[in-house]
DNA sequence: GCCATGGTCAACCGTTCGGTTGAGAATGCC
DNA sequence: GGCATTCTCAACCGAACGGTTGACCATGGC
């Protein structure tokens, strides 16, 4: 499948997949190792990895019986460029990034109601 | 509903909703006017607008019997900041932005197969 | 008051999504 | 060869998604 904005944003919309991307920031990993911290089956994680690969966000390379997963930030750039059109974002704010990453990893989604 | 990375990226994953955002770049619009160019019911577009509003990407304000939709780029900034962690993106490349926007608006998703 | 306009709600429908389980292919080890 | 390890495939399941239609409020114009 070809990466498109559809597939990229859809891939990013799932917290498990974003967590996987965060893990791959540190280093390349085998599928089994990616799956280890998650409370779901290996098959489920394998499917998530396929979705990330179809979106172009990772690549997978098989060496022996181990399949290595590698982050591919270029696809994110495509989506980022699209988003840039909507707000003249100021240059990267790494403080804010770490803040959001922390929220994300410690179970996001629990904020006050709005409207 | 509170905007989260989940809801923001999910909202952005649909081409109709991205097209709506592009339209709202130019000016605020009434729901009926937003719906006009799409080949789907008003109710369907209204649902899309609710999803965009829940993601914090737009706000809706009712004046008289007309409900005005307004782009809210701040939510995009949140997602953008998250993405920045994955690639040290160089400063905005507007040529690339226009290229992708053109692809998007002229019916995206028809590229060659990959792997 | 009456009617047209603007928009949402509720019910429904087919498809996709995120997960499970069980089987099985491919590789590495001894 | 035989067995454990790594990973995918296929079938299934319930929930969510993207759309429809029809009923229905609420507002504005006359």
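Protein chains in written order, with the working numbering: chain A, 1 to 115; chain B, 1001 to 1115. We put the CB at the ideal spot given by N, CA and C, even for glycine.
Practice prompt. Establish whether the CB of residue 1010 of chain B and some CB of chain A are separated by less than 8 angstroms.
Written response: So, interface residue.
Item to complete: Can you have a look at residue 10 of chain A and say buried or exposed, based on whether 16 or more other CB atoms are within 10 angstroms of its CB?
Response: buried
Worksheet item: With 8 angstroms set as the bound, which would you pick, yes or no: does the beta-carbon of residue 951 of chain B sit closer than that to a beta-carbon of chain A?
Response: Given that chain B is displayed from residue 1001 to residue 1115, the structure contains no residue 951 of chain B and the question cannot be resolved.
Discussion item. I'd like to confirm something about residue 5 of chain A: is its beta-carbon nearer than 7 angstroms to some heavy atom of the ligand ATP, or not?
Written reply: The ligand ATP is not part of this structure, which contains no ligands at all.
Worksheet item: What is the residue span of the beta strand (DSSP E) that residue 59 of chain A lies within?
Response: 58–63
Worksheet entry | With 16 other Cβ atoms within 10 Å as the buried cut-off, status of residue 1040 of chain B | Exposed.
Worksheet item: Below 8 angstroms, can you find three or more Cβ-Cβ pairs linking the stretch 1018–1028 of chain B to the stretch 15–32 of chain A?
Response: These segments do not touch.
Worksheet item: For residue 1008 of chain B, which residues from the same chain have a beta carbon less than 8 angstroms from its beta carbon, with the 5 sequence-adjacent residues on both sides left out?
Response: Hits under 8 angstroms: 1055, 1056, 1057, 1075, 1076, 1078 and 1079.
Fill in: Alpha-carbon spacing of residue 1069 of chain B relative to residue 1012 of chain B, whole angstroms
Each residue's CA atom was taken as its position, placing residue 1069 of chain B and residue 1012 of chain B some 16 angstroms apart.
Worksheet item: For the candidate residues A/72, A/5 and A/83, whose alpha-carbon lies nearest to that of residue 53 of chain A?
Response: A/72
Fill in: Backbone CA spacing between residue 32 of chain A and residue 42 of chain A [nearest angstrom]
7 angstroms
Practice prompt. Measuring only between beta-carbons, confirm whether residue 28 of chain A sits less than 8 angstroms from chain B.
Written response: Chain B, which has no Cβ nearer than 8 angstroms to the Cβ of residue 28 of chain A, makes this no.
Discussion item. Restricting to Cα atoms, I'd like to know which of A/35, A/83, A/84 and A/81 is closest to residue 67 of chain A.
Written reply: A/35
Practice prompt. Please report the residue range of the alpha helix (DSSP H) in which residue 22 of chain A lies.
Written response: It spans 15–26 - the alpha helix (DSSP H) in which residue 22 of chain A sits, taken as one unbroken run.
Worksheet item: What is the DSSP secondary structure of residue 1001 of chain B, reduced to helix, strand or coil?
Response: Residue state, collapsed to three classes: coil.
Worksheet item: Could you give the distance in angstroms between the alpha-carbon of residue 1050 of chain B and the alpha-carbon of residue 62 of chain A?
Response: 43 angstroms
Discussion item. DSSP has residue 1029 of chain B in a bridge; who is on the other side?
Written reply: B/1069
Practice prompt. Return no unless some Cβ of chain A is closer than 8 angstroms to the Cβ of residue 1080 of chain B.
Written response: yes
Worksheet entry | Within chain B, partners of residue 46 of chain A - CB distance below 7 angstroms | Going along chain B, no residue has its Cβ under 7 angstroms from residue 46 of chain A, so there is no contact; the nearest lies around 16 angstroms.
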